[in-house]
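This note's numbering numbers the first residue of the sequence shown as 27 and each following residue consecutively. All remarks here apply to the structure that follows.
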Amino acid sequence: MSIQVSQNQASNTLVNGDPYLSELLNQFQGLIFEEVPQPETFAWLQQVRDRAANFVRHSTIPNTREEEWRFTDLSSLRQVKFNVETRGFWSIKFDITRLTLPEAVDSRLVFVNGVFAPDLSSVADLPEGIWVEDLAEFPLEYRDRLQNYYSVEEEGTQEVFTALNTAAFTNASVVWVGKNVVVETPIHLLFLSIPGNSPILSQPRSLVVAESGSSVTLIEDYLYQPTNIEDPDQIELGEVVHFTNAVTEIWVEENAQVNHTRIQRESAEAFHIGKTSVSQARDSRYTCHAINLGAKLSRHNLEILQTGEQTETTLNGLTMISGKQLSDTHSAIALNHPHGTTDQLHKCIVGDRAHAVFNGKVFVPKPAQLTNAAQLNRNLLLSSKARVDTKPQLEITADNVKCAHGATVSQLEDDEIFYLQSRGIDENDARKLLVNAFAAEVINKIPIPSLREILLNIVNNLKSISPDS
Numbered sequence: 027m028s029i030q031v032s033q034n035q036a037s038n039t040l041v042n043g044d045p046y047l048s049e050l051l052n053q054f055q056g057l058i059f060e061e062v063p064q065p066e067t068f069a070w071l072q073q074v075r076d077r078a079a080n081f082v083r084h085s086t087i088p089n090t091r092e093e094e095w096r097f098t099d100l101s102s103l104r105q106v107k108f109n110v111e112t113r114g115f116w117s118i119k120f121d122i123t124r125l126t127l128p129e130a131v132d133s134r135l136v137f138v139n140g141v142f143a144p145d146l147s148s149v150a151d152l153p154e155g156i157w158v159e160d161l162a163e164f165p166l167e168y169r170d171r172l173q174n175y176y177s178v179e180e181e182g183t184q185e186v187f188t189a190l191n192t193a194a195f196t197n198a199s200v201v202w203v204g205k206n207v208v209v210e211t212p213i214h215l216l217f218l219s220i221p222g223n224s225p226i227l228s229q230p231r232s233l234v235v236a237e238s239g240s241s242v243t244l245i246e247d248y249l250y251q252p253t254n255i256e257d258p259d260q261i262e263l264g265e266v267v268h269f270t271n272a273v274t275e276i277w278v279e280e281n282a283q284v285n286h287t288r289i290q291r292e293s294a295e296a297f298h299i300g301k302t303s304v305s306q307a308r309d310s311r312y313t314c315h316a317i318n319l320g321a322k323l324s325r326h327n328l329e330i331l332q333t334g335e336q337t338e339t340t341l342n343g344l345t346m347i348s349g350k351q352l353s354d355t356h357s358a359i360a361l362n363h364p365h366g367t368t369d370q371l372h373k374c375i376v377g378d379r380a381h382a383v384f385n386g387k388v389f390v391p392k393p394a395q396l397t398n399a400a401q402l403n404r405n406l407l408l409s410s411k412a413r414v415d416t417k418p419q420l421e422i423t424a425d426n427v428k429c430a431h432g433a434t435v436s437q438l439e440d441d442e443i444f445y446l447q448s449r450g451i452d453e454n455d456a457r458k459l460l461v462n463a464f465a466a467e468v469i470n471k472i473p474i475p476s477l478r479e480i481l482l483n484i485v486n487n488l489k490s491i492s493p494d495s
């Protein structure tokens with residue numbers, strides 16, 4: 027389920043491999059011999075792992091000479107020696123209730139540094155016809171069906187971080203929504219990163235299958251959580267180095283609907299690389315709200331493949347960064363059938379010396395007649411030293427379509443600030459109001475009220491609101 031987004035996808039493949047990657051791979055493989063489910067019921071999974079491991083062993087980490095990574099320099103990642111933690115993080119006693127969402131109190135799975143934490147999870151509020159489990163707990167009678175959905179990549183489309191995850195993830199969340207099952211309760215997949223004795227690499231893995239006629243709302247939440255918080259209501263982005271390499275695969279079958287919110291709010295010194303692959307069958311509807319807040323360096327690859335007619339895709343994204351953060355969003359949408367629609371809006375708010383990257387591709391080949399595609403990237407720079415690189419792309423060979431794309435880069439208008447000041451609002455509050463309004467266009471579309479409140483509070487408390495702060 028991968029889109030051929032680059033002719034150079036395999037350009038990072040080496041004959042002798044990369045010692046840095048090999049060391050990471052060996053650490054995980056030493057661990058998974060103890061952690062993976064019984065091999066006799068997941069023999070197919072071992073074959074998938076072996077193929078991915080072989081790819082990693084002959085690959086290297088991308089560099090800025092490659093077009094897909096031109097603006098995102100990963101050399102700082104190489105300077106850190108990451109380890110895999112194996113101790114039982116779930117035994118750490120902290121109050122999970124303050125991290126849960128009121129709408130999903132008993133419909134959540136929690137993973138700590140990539141390891142399933144059953145004591146922090148609860149799915150008691152979910153109806154029949156849906157399975158939300160760690161992979162190891164998934165019903166035996168359905169396990170063989172999973173192999174049709176795990177890491178179904180075409181030859182030549184492998185990507186090294188996705189392959190590293192496939193070769194060596196320890197646990198995985200599985201959300202399986204049965205045919206015609208409508209789940210009203212949102213499902214919260216909470217991936218916590220907590221500090222260890224040394225920088226930690228974790229590899230969260232998720233699989234979501236919405237069978238025909240079903241409907242589900244999913245929250246994929248990556249959160250840094252210090253373990254020594256004195257004030258339980260104060261959740262801050264910390265200063266701990268860690269690396270999250272996450273992969274999520276979503277299958278939306280005929281006439282099914284998936285509402286997906288993905289939030290990344292990890293440590294300000296973290297590295298976060300995430301891959302979301304979505305396959306949509308005929309008449310399906312997929313909506314994604316992708317929010318990027320944390321991490322020193324983050325990258326989200328979002329790939330959508332429409333595999334049937336009259337398929338709808340809606341992508342809303344918001345990046346809010348400051349300091350020296352770098353946040354890179356790469357999206358690719360492939361429409362291969364008639365009457366497909368896609369509507370994408372991605373916004374970036376960039377302060378201080380931060381750097382945002384947006385690269386969005388929409389492919390409309392000959393068979394995708396009567397496509398309706400719109401893509402817009404809007405960027406707000408709060409500082410003269412803030413930077414954004416944007417590259418919206420449309421590749422159209424069909425001749426009867428309605429397609430548009432564009433990008434804007436702007437700063438807060440002095441006239442707008444002056445207008446608000448003339449109404450008795452001081453300059454700082456005026457700037458906050460304008461930034462809040464810019465972000466709210468995306469935040470207000472998120473269907474979870476408590477999440478909207480959390481995100482609006484983060485916007486209101488942005489410290490980089492002043493120019494050249």
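Note that the Cβ used here is the ideal one computed from N, Cα and C, for glycine as well.
In the DSSP assignment, the residues bridged to residue 360 are 331, 389. Under the three-state reduction of DSSP, residue 193 is assigned to helix.
By the neighbour-count definition (other C-beta atoms within 10 Å, threshold 16), residue 305 is a buried residue. Between residue 175 and residue 273, the gap from beta carbon to beta carbon reaches 8 Å or more.
If you look at residue 445, you'll find it in the alpha helix (DSSP H) that goes 440-447. Rounded to whole angstroms, residue 421 and residue 395 show a C-alpha spacing of 13 Å. In the displayed model, residue 46 falls within a helix according to three-state DSSP. Listed as beta-bridge partners of residue 68 by DSSP are no residues whatsoever. Residue range 367-376 is occupied by the beta strand (DSSP E) that includes residue 376.
Within the same chain, and ignoring the five residues on either side of residue 43 in sequence, the residues whose Cβ sits closer than 6 Å to its Cβ are 83, 84.
For the 8 Å CB-CB criterion, residue 354 and residue 97 form a contact. Residue 218 and residue 75 have their C-alpha atoms some 24 Å from each other. Between the alpha carbons of residue 214 and residue 471 lies a gap of roughly 18 Å.
In this model, residue 143 and residue 158 are separated by some 14 Å (Cα to Cα).
A straight-line Cα-Cα distance of about 8 Å links residue 54 and residue 196.
The count of Cβ pairs closer than 8 Å, one atom from the segment 145-165 and one from the segment 199-211, reaches three, so the stretches are in contact. Rounded to the nearest angstrom, the Cβ distance from residue 412 to residue 383 is 12 Å, too far for a contact under 8 Å.
Residue 343 places its beta carbon less than 8 Å from that of residue 316. Bounds of the alpha helix (DSSP H) holding residue 461 are 453-469.
In this chain, the alpha helix (DSSP H) harbouring residue 167 covers 166-172. Residue pairing by DSSP places residue 241 opposite 208, 283 in a beta bridge. Secondary structure note for residue 479: it is in no beta strand (DSSP E), and the uninterrupted alpha helix (DSSP H) holding it is 475-486. Per DSSP, the continuous beta strand (DSSP E) segment holding residue 134 begins and ends at 134-138.
Residue 397 is a Cβ neighbour of residue 429, given a cutoff of 8 Å.
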